[in-house]
Amino acid sequence: MEWWRQRITAVALIPLVFLFVLPLSRAMGQDYDDVLKIYEHPFNAIVAVLFFITIMSHLRQGLQEVIVDYVHGKAMMTIALLANTMFTTLIGVTGVFSVAKIAFGG
Amino acid sequence: MADVNRGNRPLSPHLSIYRPLYTMILSITHRITGVGMAVSLTMITWWFLALAINEKYFELANAMLTSVVGGFVLIVSLWALSFHLCNGIRHLFWDSGKGFELETAWRSGLAVLAGSVVLTIIGVLVSRGVF
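In the order they appear, the protein sequences are chains A and B.
Quick note: the first sequence uses this note's numbering, first residue 973, plus one each step.
Quick note: the second sequence uses this note's numbering, first residue 46, plus one each step.
Okay, structure coming up:
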């Protein structure tokens, strides 16, 4: 199940990475109003939200694999896995919230 | 520990006595780039959060990410992303049972390295407004 989720999100991220990074690389360094305009556009906003949701799952799964392989001891492992879940969820939620707020013009 | 109650069972290969193959380096690089991009993603997410908050905060985040140090980190991140993407596609082929031959794995590894450099250059050019 987890094995499949990692592959499914990997495949989804192939197009998403291009669609997310292209406008982002143009946006960085531009003025505030110009950057806002880029992410007020529904296409860029929807892509960014999809990207954050997918990367949240993919990153969590990937980091979990690394933790299971390299972190030793039950307590350390539990702490690391918990920290991983909190970190990746925070990133995902912050990303989605920020893009939504920008797109809805708040 | 290898000699304790082993009987005749085969010994698993010890990484430390292997001549490092570049394919092994590619494999560990996949993990390193994956973990490293957690930092890149945190930076990008912070930039989006700043954009959502107000202009002043955005100016700060934008200035940090486009500074010399920030720019360097972003270019390294771009390479990490390009590598992880190309090598990830290679892994997906392996998952489907294709490309396991030594010769093929060797050549697909070279393609991954070349692809990661090409994608990074394209990404930098796009960010400079060339395309």
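Cβ atoms here follow ideal geometry from the backbone N, Cα and C, with glycine treated the same way.
A quick note: this is a predicted structure, and the numbers were derived from the prediction, not measured.
Backbone secondary structure at residue i - three-state DSSP
i           : result
Asn-1056(A) : helix
His-1030(A) : helix
Gln-1002(A) : coil
His-136(B)  : helix
Arg-54(B)   : coil
Val-1007(A) : helix
Phe-176(B)  : coil
Residues near residue i in its chain [Cβ-Cβ closer than 6 Å; skip 5 each side]
i          : result
Ala-999(A) : Val-1007 and Ile-1010
Lys-143(B) : none
Cys-36(B)  : A query on residue 36(B) cannot be resolved here, the shown segment of chain B reaching from 46 to 176 and no further.
Own chain partners of residue i with C-beta closer than 8 Å, once the 5 adjacent residues on each side are dropped
i           : result
Trp-151(B)  : Thr-68
Asn-1056(A) : Arg-1032, Leu-1035, Gln-1036 and Ile-1039
Val-1071(A) : Tyr-1011, Ala-1017, Ala-1020, Val-1021 and Phe-1024
Nonlocal neighbours in the same chain, by C-beta distance under 7 Å from residue i, ignoring five residues either side
i          : result
Arg-977(A) : Ser-1029 and Gln-1033
I want to know whether the region 1044-1056 of chain A touches the region 1006-1014 of chain A - three or more CB-CB distances under 8 Å.
Flag = no, the region 1044-1056 of chain A and the region 1006-1014 of chain A do not touch.
Measuring CB atoms only, is the region 105-113 of chain B touching the region 132-144 of chain B, in the sense that at least three cross pairs come out at less than 8 Å?
Flag = no, the region 105-113 of chain B and the region 132-144 of chain B do not touch.
Interfacial residues, the region 1022-1053 of chain A to chain B, with Cβ spacing under 7 Å:
For the region 1022-1053 of chain A, which is checked against every Cβ of chain B, the residues closer than 7 Å are Ile-1027, Leu-1031, Gly-1034, Leu-1035 and Val-1038.
Below 8 Å, how does it come out for the region 1066-1075 of chain A and the region 1015-1029 of chain A: are there three or more Cβ pairs, yes or no?
A contact exists between the region 1066-1075 of chain A and the region 1015-1029 of chain A.
Which residues, taken in chain order from the region 1053-1078 of chain A, show a beta carbon closer than 7 Å to some beta carbon of chain B?
Result list: Ile-1063, Thr-1066, Gly-1067, Ser-1070, Val-1071, Lys-1073 and Ile-1074.
At a cut of 8 Å, does the region 67-76 of chain B reach the region 111-122 of chain B through at least three beta carbon pairs?
Touching, no, given that fewer than three Cβ pairs across the two stretches are closer than 8 Å.
Counting Cβ pairs, one atom from each stretch, are 3 or more of them under 8 Å apart for the region 122-133 of chain B and the region 152-170 of chain B?
Result yes; three or more Cβ-Cβ pairs closer than 8 Å.
Could you run through the region 158-171 of chain B and flag, in chain order, every residue whose CB is less than 9 Å away from some CB of chain A?
Residues are counted here when their Cβ sits less than 9 Å from a Cβ of chain A; for the region 158-171 of chain B these are Gly-168, Val-169 and Val-171, given in chain order.
Those runs of the beta strand (DSSP E) which lie wholly inside the region 104-156 of chain B and span at least 3 residues:
The beta strand (DSSP E) runs of length 3 or more contained entirely in the region 104-156 of chain B do not exist; there are none.
When you compare the region 975-987 of chain A with the region 80-96 of chain B, are there three or more beta-carbon pairs, one atom per stretch, that lie closer than 8 Å?
No, they do not touch.
Taking only beta carbons into account, state which residues of the region 58-91 of chain B come closer than 9 Å to chain A, listed in chain order.
Cβ contacts with chain A come from Arg-76, Gly-79, Val-80, Met-82, Ala-83, Leu-86, Thr-87, Ile-89, Thr-90 and Trp-91.
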